[in-house]
Amino acid sequence: MSFILIGLSVIIAGGLLALIFCRNSQLSTLFGVGATLVGCLMAIIPVLKSIFYGNAETIHLVWDMPYGSFFLKLDPLSAFFILPIFVLSMMAAVYGKEYLMAYRDEKWLGISWFFFNLLVVSMAMVCLANNTILFLIAWEIMALSSFFLVAFEYEKNDVRKASWIYMVASYLGTACLLPMFLILGAGSHSLDFDVFSKSLSPSMAGICFILALVGFGTKAGIMPFHVWLPIAHPAAPSPVSALMSGVMIKTGIYGLVRILSFLGAPPLWWGWLLVAIGIVSGVFGVLYALAQHDLKRLLAYHSVENIGIIVTGLGVGVIGWSANMPVVAALGFAGGLLHVVNHALFKGLLFLGAGSVFHNTHTLKIDHLGGLVKKMPFTALSFLIGAIAISGLPPLNGFISEFVIYMASFQGAIEMSPNAAIFLISAIAGLALIGGLAAACFTKAFGIVFLGEPRGSAARNARESGFWMIIPMMILSIVCIVIGLTGPFVIRMMSPVTGVILGSIHSGEIQTASNWLGYITMGSLVFIVILAAIAGLRHLLLSGRPVENVLTWDCGYAAPTAQMQYTASSFAQPVLELFKFFLRTKNNITISDAYFPSASKFESHTPDIGSDGIYKPIIRTTTNFFRQLKIVQEGRIHLYVLYLVVTLLILLFWNMR
Amino acid sequence: MEIASIINIGLGLILAPLLQGVINKTKASFAGRTGPPLMQAYFDIIKQLKKSAVYSKTTSWIFKAGPVVSLAAVLLALAIVPMGGQAAPLAFPGDLLLLAYILGLMRFFTVIAALDTGSSFEGMGASREVLYSALAEPALLIGLGAIARETKTISLSQIMPRAHFFSPEIVLVVAALLIVFLCENARIPFDDPNTHLELTMIHEVMVLDHSGPDFAFILYSSSLKLWVLGLLIIGIIFPSPAGSFWLLYSMISVFGLLLLAVVVGIIESTMARLRLARIPQLIIAAGSLSAFAFILVMR
Amino acid sequence: MDSTIEIIMILLVLSDMALLGLSRLRACISIVSFQGMLMGLLVLIAHSSSMTPRLIIIAAVSFMIKGFVFPYLLRRGIREAGTQHESEPFVGYIMSIISGVVMLGISLWLGEKLPLLAALSGSSLVIPAALTTLFTGLFLIVARRNALNQCLGYIILENGIYTVGVVSVVEIPFLVELGIMLDVFVAVFVMGIAIYNINREFDHLDSDRLNNLKG
């Protein structure tokens, strides 16, 4: 446990040094990256120990804060969330070294590295804190440091706006957390997590659950609290987006799960509420992702989708828990939480890939790219692996966690009473639809960005990124593959983790899942063998035969240009057309009706129903209300003094009664 | 009974292209033609295997990987689906998910290989393919879920011997699966495998640029896909109790598949291809059939 | 007998789904006609143990009227109006089908809440199927523009009520049923005339645009 403290201190120290030497980009980068690497490597040791042996360690330091205590606890659940934080932070730091260097003439990189390191530490602290005050402080530092990172390119208007929206959303979420913690801690003398009562009345527990869902859900980005996510994540530099999308939003999931573990056995409606929210987030997340024209925005919406899958898994687990079916409960939670790690890996990978594209082409507009697989082979390969993984296809890691969630749902759907089974079969249907649409979205993203002919000069002149940007992507790709092939071992680590939530360890159920995954591994290995054999056969067949290289067959059309290719917009159009009832995509078409065709224009835009349909009206009403209140804001000092006097007098009389 | 399952796989490997032949013969006899020989699909595959390949300058290794991955994926799928009451070699609880997703992998690679050519025709096919299959996936899984609830197992190899056909729920599921079968295999009313008007096609248009051995792989894997998904339906319709007469029941399954091919031929001869806008409607109708079946089973 | 009723109920629900998903008016009418025949059969099957001449008459009358007379009138209506398709429904066909599944789920849930009725009807599917049919009728009336489709909605709505009546209790509903059937008969008749006249006056069957008539 002390290793963690030392490691985190090293990271902080590195950040401070980077801040001190912020004028020297080389030196501050060295401190930032080096400290992150060293610190994470040190801190990861106890984390791994906790996951493997399933034990919990605590550190309790004196802290002069009312109701607060410096109480850290590393149990398997925290360890499970911290592990991807450290792994992805290391990768993002190494990647950021080269990525951010491109800005060294315009920015003081030391400042960014300071906030980067602070973000890493605060995320870890959120998962470690075992006291409300400490937790909330870490939570706020996390929000603030990521706010400054989002505002990296603060001179751009969009970026400033994005970071403010992020800030506001973040505080709105926290506003729900405060009353929730107060309810939980009511009646005890401290706000340590350990003393939280498990005997809340059902209605109080329900209120706590809803508050946690809104508060933590805002951070996690569930629908309809996701609006900040697709705005803030693309605005940040890519390594930061990777970190935010990969692990930071997962702290919301961590909070939710932690609160669930305090509240004890849940009623059924929590479960179906979670499943419903999960499916809505998943389906709409992926639909909005399909509608995007910006690669990073697309990825950000996919975070909403994957959070949806995770929440669906948790919901299935809660349904199993409330119906007293340990298989469903353990596997639902195990699948959902495993997806947390998997998503951290492949989403981090994809954001790094997108960053690599941006680094070399300076654009993220999908419809302006194309043909990058020849220019950037390594980026393309790792992006492809990430794309397959995020679509939940075997033999990669995304499939493993989705499989576990599916199996939990199937188990419940075939054995439970109708009122629970109906939600589980909806979960299955939802996951299937999400999976299919995610594949649609990533064939689009990969196919249009990396395949075909370059659609513009930016893509035509692209080069591969440097070694230090490639390495993290390659490592993440390899981890995705490894987890995909070692499912049976990975799932067994989930047994202590789900034990923390459910109160008792269900190793038997997890072992069953492990056996099933054993078959998956077998199938994947067979698949790889067959693949190799067929590839060999193909090579054998083609060897010695003349292979021609010609133009793409376009039905006899002899001079195709790159502009004639299918674009991302046209690829997604049938889906958007089908779901136009929900998406309300706006198309602007200008076609000249002159005798000779001249330039025509087509533009499509899909507004977010969450921000346009829900938030804007609310904000407008609130603004109008407060505008009325502006009368009291006269701007004369004596009036303000009058207010003060009146308030004081009222309070005085109130007390004198 | 390891030998039995291996023989079953062997049957699939050898007989799969025959289904195409049966479909085409049926269509020909409806139209009063002689039609191509029953073995035409075999001839095509062998011819393509012997040829050399032509590649577009636009394409990359993805384009070459597409057919290889497709064939490997569908071969794995063949090892998952049981036949004639005999457990498949790769049978385990949840194998239906691996089946659905390995076919998803096949589709993923077919689609990106199509996009790799940069041709807008292939892009068009790819775009339609991903949409329709995304809609078909829930119909497939809810339908299988309904049968799983009826038989209380989650492994295809255990579901198939226990499903008894003559209950309304199963009829509904079979209807839904038939629609999914036609959609996934790009048959009429979803897609016309015969036209060469690229604008109207879905699957065929995606493989326009493949040639030689690559194209042979594609032809073979679509035959196998027909076989694998057909077995899902046949396994539910035809009684296939696990037991000693496995060879007999395997033969019954093969017969059933040929019958299914005739049915597909009849459908293709008597129906027109749907308008593109109507296709999602039919798939969603299949999904609602599945959901209805599940509700019936659940009661 | 129960399983036969069950199958009729499943067919009833399926025909509801088909009505929600189809746009061709002629096909819709055929399905309504099929539903009408089912209604006739239902009387015979539900009370096959205690067959009386009166039952047979009820069955025959509803079989004829719902299976042939209404469809004939409606077919004549569209022939004279010359419309073949519902043009732009308020709710799209895909959403309609999905709503159908949702309505079925709600009906099942409601069916569980009405145990007495379910016990009377013998099969647990009767009440949900009847409710689904009723909801489908209402849905068509609300969600379709075409006057003919709304007319179909009324008939389907009545089929739903009829199903409950026939299966749960036999003797009393004879009068009730006759009354309802008469209502619908008049409705269809009036609608037929109305459709004809709307069409003659305005050249279309879009009931949505009838509000142009108000001053």
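Sequences listed follow chains A, B and C, in order. Counting with the numbering used here, you get residues 784 to 1440 for the letters of the first sequence. Counting with the numbering used here, you get residues 210 to 508 for the letters of the second sequence. Counting with the numbering used here, you get residues 23 to 237 for the letters of the third sequence. Quick reminder that beta carbons are idealized off the backbone N, C-alpha and C, glycines included.
- Residues of the region 250-272 of chain B with a C-beta atom less than 9 Å from some C-beta of chain A are 258, 259, 260, 261, 262, 263, 264, 265, 266, 267, 268, 269, 270, 271, 272, listed in chain order.
- In the three-state DSSP reduction, residue 1033 (chain A) falls in the helix class (H, G or I).
- For residue 784 (chain A), the secondary structure class from DSSP, reduced to helix, strand or coil, is coil.
- If you check each beta-carbon in the region 107-134 of chain C against every beta-carbon of chain A, the ones closer than 9 Å belong to 113, 114, 116, 117, 127, 130, 131, 134.
- Non-local beta-carbon contacts of residue 461 (chain B) in its own chain, meaning distances under 6 Å to residues more than five positions away in sequence, involve 447 in chain order.
- Under the three-state reduction of DSSP output, residue 1307 (chain A) falls in the helix class.
- Within 8 Å of the CB of residue 1205 (chain A), the CB atoms of chain C belong to 127, in sequence order along the chain.
- With a cutoff of 7 Å on beta-carbon distance, residue 84 (chain C) and residue 56 (chain C) are scored as not near each other.
- Shortest Cα-Cα distance from residue 1073 (chain A) to any of A:945, A:1287, A:826, A:1149 involves A:1149.
- Relative to residue 1270 (chain A), the option among A:1253, A:1295, A:1286, A:1259 whose CA is nearest is A:1295.
- Within its own chain, the residues whose Cβ lies closer than 6 Å to the Cβ of residue 1102 (chain A), once the five positions on either side in sequence are excluded, are 1054, 1203, listed in chain order.
- Residue 347 (chain B) has a beta carbon lying at 7 Å or more from every beta carbon in chain C.
- In this structure, residue 229 (chain B) places its C-beta atom within 7 Å of the C-beta atom of residue 432 (chain B).
- When C-beta distances to chain B are compared with 7 Å, the residues of the region 23-51 of chain C below that value are 28, 29, 32, 35, 39, 43, in chain order.
- Secondary structure of residue 1229 (chain A) (DSSP, three-state): helix.
- Secondary structure within the region 834-918 of chain A: the alpha helix (DSSP H) runs of 4 or more consecutive residues, fully enclosed, are 859-884, 892-911 (chain order).
- A distance below 8 Å between beta-carbons, with the five flanking residues on each side excluded, links residue 442 (chain B) to the following residues of its chain, in chain order: 383, 386, 387, 390, 469.
- Secondary structure at residue 1075 (chain A): coil, using DSSP grouped into helix, strand and coil.
- Secondary structure note for residue 1180 (chain A): its alpha helix (DSSP H) is the uninterrupted segment 1180-1198.
- Residue 1385 (chain A) is bridged by DSSP to A:1372.
- Using a CB distance below 7 Å, the part of the region 1310-1331 of chain A facing chain B consists of 1310, 1313, 1314, 1317, 1318, 1321, 1324, 1325, 1328, 1329, 1330, 1331, ordered along the chain.
- Residues of the region 491-508 of chain B whose Cβ lies closer than 9 Å to any Cβ of chain C, in chain order: 491, 493, 494, 496, 497, 498, 500, 501, 504, 505, 507, 508.
- Residue-level contact by beta carbon holds for residue 146 (chain C) and chain B, with a gap shorter than 7 Å.
- Going by DSSP, residue 134 (chain C) is part of the alpha helix (DSSP H) stretching over 115-135.
- Short of 6 Å from the beta carbon of residue 1358 (chain A), and not among the five residues preceding or following it, lie these beta carbons of its own chain, in chain order: 1073.
- Closer than 9 Å at the C-beta level to chain B, one finds these residues of the region 1344-1377 of chain A: 1345, 1347, 1348, 1349, 1350, 1353, 1354, 1355, 1356, 1357, 1358, 1360, 1361.
- Residue 295 (chain B) sits in a strand when the DSSP states are folded into three classes.
- Using a Cβ distance threshold of 7 Å, residue 1057 (chain A) and residue 1098 (chain A) count as a contacting pair.
- The C-alpha of residue 1062 (chain A) is placed about 18 Å away from the C-alpha of residue 1361 (chain A).
- Counting along the chain, residue 264 (chain B) sits inside the beta strand (DSSP E) bounded by residues 263-265.
- Per the coordinates, the alpha-carbon of residue 977 (chain A) lies some 53 Å from the alpha-carbon of residue 338 (chain B).
- Secondary structure remark: continuous alpha helix (DSSP H) runs of at least 4 residues inside the region 35-65 of chain C: none found.
- Residue 1346 (chain A) counts as exposed, since fewer than 16 other C-beta atoms from the protein chains shown sit within 10 angstroms of its C-beta.
- The beta carbon of residue 1129 (chain A) sits no closer than 7 Å to any beta carbon of chain B.
- According to DSSP, residue 1395 (chain A) shares a beta bridge with no other residue.
- In the three-state reduction of the DSSP assignment, residue 1107 (chain A) falls in the coil class, being assigned neither a helical nor a strand state.
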